[in-house]
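Everything below concerns the one structure shown next.
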Ligand SMILES: *Cc1c(COP(=O)(O)O)cnc(C)c1O
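In my numbering, the protein residues as written are 676 to 969.
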């Protein structure tokens with residue numbers, strides 16, 4: 676499976692960041708309008724393994740607005756493998772945009788109430804003919820794929836690599852791929868996810884476990900997928916000033932956090948930031964029309 680990686684480019688937001696030398700956003704969102712940039716990278720080796728092991732079906736888990744679900748549906752369609760998405764929560768009268776897209780890409784949906792969803796391991800055991808991908812693509816292979824994000828442009832001059840975190844798979848890959856002088860900083864999109872650091876360490880190679888990284892838990896805006904008016908307003912301001920589109924779940928909170936840390940002089944003046952835009956823009960379709968100016 677090949678990515679449309681020639682679309683990826685850098686987008687400076689230095690105007691928004693005080694006291695810095697450089698602040699570039701790596702636009703993985705440009706790979707595809709629906710399939711999130713980081714999801715392609717995380718799925719790559721898992722899908723290759725499913726094919727090598729001759730599985731005809733890939734199954735995975737996610738919520739009704741999950742970027743991972745739609746990306747898995749699309750990637751499976753591209754390589755010609757069946758896909759099944761186990762969706763958290765009862766089936767609603769109308770499908771979310773995300774799930775409609777997944778169905779259009781050929782994914783079969785199965786809805787699980789929250790109790791069953793919390794017993795994922797049981798479902799995996801009973802359906803052991805499928806190749807299973809964890810929720811959010813969390814795995815060693817997912818992190819290995821994400822490490823290739825840093826091969827898309829020349830990254831050696833950056834001092835910090837910053838990204839949003841859900842499961843922590845992407846930052847695990849970034850830590851793995853970072854150079855010795857670089858620090859990776861993750862902004863958790865979940866509230867109080869105290870397991871995140873440990874989950875990151877579990878999927879990086881032993882030789883990388885001492886590399887410099889930090890997870891910041893202060894910019895979740897009330898919790899996962901919560902998007903108060905203040906955040907939506909911020910997204911419009913950022914777009915109007917720099918033409919950078921962000922999503923309501925991950926990248927808007929990341930950019931907000933980065934700018935806030937700059938204002939607090941968290942970074943030294945010589946710092947050169949590489950901020951990963953991990954995509955997710957399809958999630959904005961869940962907002963009422965006209966909420967965002969892009
Ligand atoms: C899934 C997702 C993330 C979180 O990635 P993890 O590897 O789960 O930490 C961040 N940004 C976007 C846009 C995503 O879709």
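The C-beta atom is built at its ideal place from N, Cα and C for all residues, glycine as well.
Item	Value
When we look at the beta-carbon of residue 953 and count the other beta-carbons within 10 Å, is it buried (16 or more) or exposed?	buried
Report back the beta-carbon spacing between residue 737 and residue 760 to the nearest angstrom; my notes put them in contact at under 8 Å.	6 Å
For residue 851 and residue 763, I'd like the C-alpha separation in whole angstroms.	31 Å
Within the chosen definition, does the region 770–786 reach the region 829–837 through at least 3 CB pairs nearer than 8 Å?	no
Is residue 815 near ligand 1, in the sense that its beta carbon is under 7 Å from a heavy atom of that ligand?	no
What first and last residue would you give for the alpha helix (DSSP H) that runs through residue 839?	Not the alpha helix (DSSP H): residue 839 falls in the beta strand (DSSP E), residues 835–840.
Return the bridge partner residues of residue 719 from the DSSP annotation.	DSSP output for residue 719 lists no bridge partner at all.
Identify, in the order they occur along the chain, each residue of the same chain with its Cβ nearer than 6 Å to the Cβ of residue 843, setting aside the five sequence neighbours on each side.	871, 874 and 875
Just mark residue 969 as buried or exposed, buried being the case when its beta carbon has 16 or more other beta carbons within 10 Å.	exposed
Rounded to whole angstroms, what's the CA-CA distance from residue 788 to residue 757? Just pull it up for me.	23 Å
Compare the C-alpha of residue 868 against each of 856, 707, 898 and 860 and name the closest.	898
Pull up the DSSP beta-bridge partners for residue 889, would you.	860
Specify the secondary structure class of residue 686 as computed by DSSP and reduced to three states.	strand
How would you write the range of the alpha helix (DSSP H) that residue 877 sits in, first residue to last?	871–877
Report yes if the C-beta distance between residue 965 and residue 923 is below 8 Å; otherwise report no.	no
What did DSSP end up calling residue 968 once you bin it into helix, strand or coil?	coil
Mapping DSSP to helix, strand and coil, what is residue 977?	The question about residue 977 has no answer here: the residues shown for the chain are numbered 676 through 969.
Determine which residues share a DSSP beta bridge with residue 760 and list them.	735 and 784
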